[in-house]
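Residue numbers (UniProt numbering): 1 to 479.
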């Protein structure tokens, strides 16, 4: 896995080096707002196709894939997914994936490069927000390829899951000759090296019934992915969920999400049908605001970041009520935490750190892997839009038919980040590998102590819109 946020990890110093403060007269001239705005307008078109030769085929899956912008690119095959999520609405495509065939000149053999990342394929999201990327190369099969992609003997849960994702109704790839080469690739390469990673998917659509809900993915896919990496049977879990966008979320949904990160699917959790689901419910009730925390930068951090803060704010999205207007039904007031990135930027697309520690009574001196950490990288934000809206049976109504609505299609990957024999050793490894400074902290007091405001809300504040006082807060004059 590549970790571009670690200082000096790569030879390139342009983007991966932490941003230092420049003195007066040093470095390049700073562009004014009009110059940057003009550059951004130029970058709105799909400029990433410039990296491809005219004759290299490119398949684009995108909500706007039928736009006229692509007509000049004769090598580009476009497809707009049309999954139905009910009430006449179509599902959004948020998954970010690159599948690329590469040739090794010395041997003339090919390899397949798969990249799952946190950013969309447009220049602005790479320029203005920090991103994470998982990349792996798979060699060409040494033996004759099978007749069908599904029959590849080297398939792992990851590769077979990715093939199913591409063939799903959510992507809706037509079964025509022009599209077949992109899934036919799964017939030609050796995927055996991917046995230690798991795919996490949400397939936009409406699902009813236990089997259909499982097929849709969402929280069930996340729980199955954790289970597939075989964490220890018992222990304490903690999740730190970094995001650049957040929306209203209830405490019950936070608990559902936390349960899935612990390997417990939604129906098992809602029915409390196992000892582990009962134990989790008790544990979550005792310290609900500390089990899963959502990391989102504060207004003061954005202001302190100067130019980087101004650029990054454009990609930060705090949807719904503002911090000082939150109601009890919105759990963000309890679970959100301030975050400071190591790079000096203020926004980062989705990464989730999952920590698993042994219970006090189970700790030993000779187990070098009793402390575990997992990492999720992908497009899922900590929102019901990404993980799904569930109707589930409960202990009071066990016969209720489960249903799931997934407004968006998402794709992510889960892997075991590191293990250790002691907490101090695991903490040291985690602190080096994640892109944010730990430990995280609660927001400070006052207007600038809360989460960063969206660009349009910041402008309204400047225009003098009165600020509402949050319950229990001292009256404060708005500047």
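Glycine included, each C-beta is placed from N, C-alpha and C at the ideal position.
Option in 129, 270, 247 with minimal Cα separation from residue 309: In the chain shown, counting from the first residue as 1, residue 309 sits at position 309. For residue 309, the closest alpha carbon among the candidates 129, 270, 247 is that of 129.
Where residue 437 sits in the DSSP three-state scheme: Residue 437 sits at position 437 when you count from the first residue of the chain shown. Residue 437: coil per DSSP, three-state reduction.
Cβ pair count under 8 Å reaching 3, the stretch 419-427 against the stretch 190-207: no
Span separating the alpha-carbon of residue 438 from that of residue 175: Position 438 of the chain shown, counting from 1, holds the residue named residue 438. Position 175 of the chain shown, counting from 1, holds the residue named residue 175. Going from the Cα of residue 438 to the Cα of residue 175 covers about 48 Å.
Beta-carbon proximity check, residue 492 vs residue 379, cutoff 8 Å: Since the first residue shown for the chain is 1 and the last is 479, residue 492 is missing from the structure and cannot be characterised.
Residues bridged to residue 59 (per DSSP): Locating residue 59 in the chain shown gives position 59, where the first residue counts as 1. Note: residue 59 sits in a beta bridge opposite 77.
Own chain, CB closer than 6 Å to residue 134, minus 5 neighbours either side, in chain order: Taking the chain shown and counting its residues from 1, the one referred to as residue 134 is at position 134. Around residue 134: 1, 116, 377, 413.
Local conformation of residue 108 per DSSP, three classes: In the chain shown, counting from the first residue as 1, residue 108 sits at position 108. Three-state DSSP puts residue 108 in coil, outside helix and strand.
Cβ separation of residue 292 and residue 254, assumed to be a contact under 8 Å, to the nearest whole Å: Position 292 of the chain shown holds residue 292. Position 254 of the chain shown holds residue 254. Yes, residue 292 and residue 254 are in contact; Cβ-Cβ is about 6 Å, under 8 Å.
Range of the contiguous alpha helix (DSSP H) that encloses residue 84: By 1-based counting over the chain shown, the position of residue 84 is 84. First-last for residue 84: 84-86, but that is the beta strand (DSSP E), not the alpha helix (DSSP H).
Identity of the residue in 156, 169, 167 nearest residue 197 by Cα: Taking the first residue of the chain shown as position 1, residue 197 is located at position 197. The shortest C-alpha separation from residue 197 is found at 156.
Completely contained beta strand (DSSP E) runs for the stretch 274-310, where each covers 3 or more residues: 292-295
Proximity winner among 337, 370, 339, 78, relative to residue 173 (alpha-carbon distances): Residue 173 sits at position 173 when you count from the first residue of the chain shown. Ranked by Cα distance from residue 173, the first of 337, 370, 339, 78 is 78.
Paired residues, beta bridge with residue 237 - DSSP: Within the chain shown, the letter at position 237 stands for residue 237. Bridge partners of residue 237: 356.
Length-filtered (4 minimum) alpha helix (DSSP H) runs lying within the stretch 135-188: 157-166, 180-184
Cβ neighbours of residue 276 in the same chain (closer than 7 Å, five flanking residues each side left out): Position 276 of the chain shown, counting from 1, holds the residue named residue 276. 264.
Cβ separation of residue 284 and residue 336, assumed to be a contact under 8 Å, to the nearest whole Å: Working through the chain shown from its first residue, we reach residue 284 at position 284. Working through the chain shown from its first residue, we reach residue 336 at position 336. With a Cβ gap of about 17 Å, residue 284 and residue 336 do not count as contacting.
Cβ shell of residue 302 (< 6 Å), same chain only, five flanking positions each side left out: Counting from one through the chain shown, the residue named residue 302 turns up at place 302. Once the five neighbours on either side are set aside, the close Cβ partners of residue 302 are 309, 313, 346, 452.
Collapsed DSSP secondary structure at residue 442 in the structure displayed: Start at 1 with the first residue of the chain shown, and residue 442 comes out as number 442. Correct three-state label for residue 442: coil.
Assumed close pair residue 559, residue 242 - CB separation to whole angstroms, cut-off 8 Å: Because the chain in this structure spans residues 1 to 479, residue 559 falls outside the shown range and cannot be described.
For residue 154 and residue 167, believed in contact at Cβ under 8 Å, the rounded distance: Translated into positions along the chain shown, residue 167 becomes position 167. Translated into positions along the chain shown, residue 154 becomes position 154. Rounded to whole angstroms, the Cβ separation of residue 167 and residue 154 is 18 Å, and the two are not in contact under 8 Å.
Whole-angstrom distance between residue 194 and residue 88, CA atom to CA atom: Taking the chain shown and counting its residues from 1, the one referred to as residue 88 is at position 88. Taking the chain shown and counting its residues from 1, the one referred to as residue 194 is at position 194. Residue 88 and residue 194: Cα-Cα distance of roughly 39 Å.
First through last residue of the alpha helix (DSSP H) which encompasses residue 206: In the chain shown, counting from the first residue as 1, residue 206 sits at position 206. Premise fails: residue 206 lies in the beta strand (DSSP E), 205-208, not in any alpha helix (DSSP H).
Short Cβ contact (8 Å threshold) for residue 280 with residue 262: If you number the chain shown from 1, residue 280 lands on position 280. If you number the chain shown from 1, residue 262 lands on position 262. Cβ distance < 8 Å, so residue 280 and residue 262 count as in contact.
Same chain, Cβ closer than 7 Å to residue 113, neighbours up to 5 away in sequence not counted: Along the chain shown, one-based indexing puts residue 113 at 113. Cβ neighbours of residue 113 beyond the five flanking positions: 100, 102, 135, 137.
Simplified DSSP assignment, three categories, for residue 23: Along the chain shown, one-based indexing puts residue 23 at 23. Below a pLDDT of 50, predicted positions are generally treated as unreliable, and residue 23, at 45, falls in that range; no measurement from the model is reported.
Bridge partner(s) assigned by DSSP for residue 420: The residue given as residue 420 occupies position 420 in the chain shown. DSSP lists 371 as the beta-bridge partner residues of residue 420.
Helix, strand or coil at residue 249 according to DSSP, with G and I counted as helix: In the chain shown, counting from the first residue as 1, residue 249 sits at position 249. Three-state DSSP puts residue 249 in coil, outside helix and strand.
Residue nearest to residue 143 in terms of C-alpha spacing, selected from 187, 351, 370, 270: In the chain shown, residue 143 corresponds to position 143, counting from 1. Taking each of 187, 351, 370, 270 in turn and checking the Cα distance to residue 143, the smallest one comes out for 187.
DSSP-derived helix/strand/coil call for residue 196: Here residue 196 is taken as the residue at index 196 of the chain shown, counted from 1. Residue state, collapsed to three classes: coil.
Same chain, Cβ closer than 7 Å to residue 405, five either side skipped, listed in chain order: One-based indexing of the chain shown puts residue 405 at position 405. Cβ within range, chain order: 85, 86, 206, 388, 389.
Cβ-based burial, residue 83 [other Cβ within 10 Å; buried from 16]: Along the chain shown, read from residue 1 onward, the residue named residue 83 stands at position 83. By the neighbour-count rule (16 or more Cβ atoms within 10 Å), residue 83 is buried.
Other residues of its chain near residue 231: CB distance less than 8 Å, five sequence neighbours each side excluded: Along the chain shown, read from residue 1 onward, the residue named residue 231 stands at position 231. The residues are 263, 356, 372, 374.
Extent of the continuous beta strand (DSSP E) run through residue 243: Sequence index remark: in the chain shown, residue 243 carries index 243 (1-based). Per DSSP, residue 243 belongs to no beta strand (DSSP E) and is neither H nor E.
Residue 218 Cβ short of 7 Å to the ligand PLP heavy atom set: Among the components of this structure there are no ligands whatsoever, and the ligand PLP is therefore not found.
Sequence-distant residues of its chain with Cβ nearer than 7 Å to residue 315 (five each side left out): On the chain shown, position 315 is the one that residue 315 refers to. Excluding sequence neighbours, residue 315 sits near 125, 128, 129, 244, 347.
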